[in-house]
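In our numbering, the protein residues as written are 123 to 367. Beta carbons are placed, not taken as given, at the ideal position from N, Cα and C, and that holds for glycine. What you are looking at is a predicted structure, and each value in this text was computed from that prediction instead of being measured. One structure is given below, encoded as structure tokens.
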């Protein structure tokens with residue numbers, strides 16, 4: 123602990139350990155996300171998707187039970203801004219205290235990008251909600267805001283807080299599981315169609331991965347530029363010889 127009670131400064135590692143591999147993964151998730159959004163935008167394809175959504179909603183309604191509904195409503199609470207905002211602020215504050223500025227940038231960029239896209243895409247698609255939701259809803263249905271917020275927060279948090287390696291893989295799997303659970307709960311509650319929830323989960327994950335890849339590239343470029351600037355030592359002024367005392 124340094125004098126003054128502040129947290130000890132930890133040397134900041136690269137955001138990503140394998141940028142080439144992670145770039146390929148990010149490109150794959152982005153491509154899948156783009157395909158889903160393109161399919162929903164096509165009215166002919168959407169008619170077929172709607173039949174799947176209708177069948178899934180009927181299955182959810184017929185299989186509802188009190189314990190599952192309680193869990194789903196708890197997940198609905200976790201996805202509200204009153205919960206996600208304090209969690210995001212706490213994560214950002216922790217990274218700032220540790221002076222993990224690049225990791226903080228990756229986390230913040232992912233969250234900001236997702237928040238910008240939620241309203242924009244909901245307005246563009248303007249899809250009606252399913253009937254009979256078990257929780258209060260507002261705005262258009264596609265994509266699911268809860269699914270976006272949950273997936274971008276947990277995936278970006280794992281990247282920002284957990285060092286690369288087995289631990290990150292394990293926590294990443296847990297984050298993916300939570301994202302899927304949140305998406306399914308939205309369709310179970312009738313707050314969103316299944317396709318809304320899947321698209322939201324993919325979009326939130328895409329935002330987190332894309333932000334990490336971009337920030338990691340900037341971090342590596344900045345690190346590579348530093349040695350270049352120090353290759354040539356400064357030339358001393360001949361008019362002021364060095365002090366030989």
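Check	Outcome
At least three beta-carbon pairs within less than 8 Å, the segment 324 to 338 to the segment 165 to 182	no
Touch test, the segment 255 to 270 against the segment 303 to 316, Cβ-Cβ under 8 Å, three pairs minimum	yes
Exposed unless 16 or more other CB atoms sit within 10 angstroms - verdict on residue 140	exposed
Other residues of its chain near residue 262: CB distance less than 6 Å, five sequence neighbours each side excluded	244, 248 and 249
Within 8 Å, strictly: CB atoms of residue 328 and residue 155	yes
Start-to-end residues for the alpha helix (DSSP H) that takes in residue 203	203 to 219
Alpha-carbon spacing of residue 186 relative to residue 136, whole angstroms	46 Å
Cα-Cα separation, residue 188 to residue 209	28 Å
Rounded C-alpha distance that separates residue 291 from residue 175	32 Å
Pairwise C-alpha distance: residue 184 and residue 229	39 Å
Backbone CA spacing between residue 158 and residue 254 [nearest angstrom]	25 Å
Buried or exposed (CB count within 10 angstroms, at least 16 for buried), residue 225	buried
Between the CA atoms of residue 343 and residue 361 - distance to the nearest angstrom	Bear in mind that the predicted position of residue 361 carries a pLDDT of just 46, short of 50, making it too unreliable to give a figure here.
As assigned by DSSP and simplified to three states, the class of residue 256	coil
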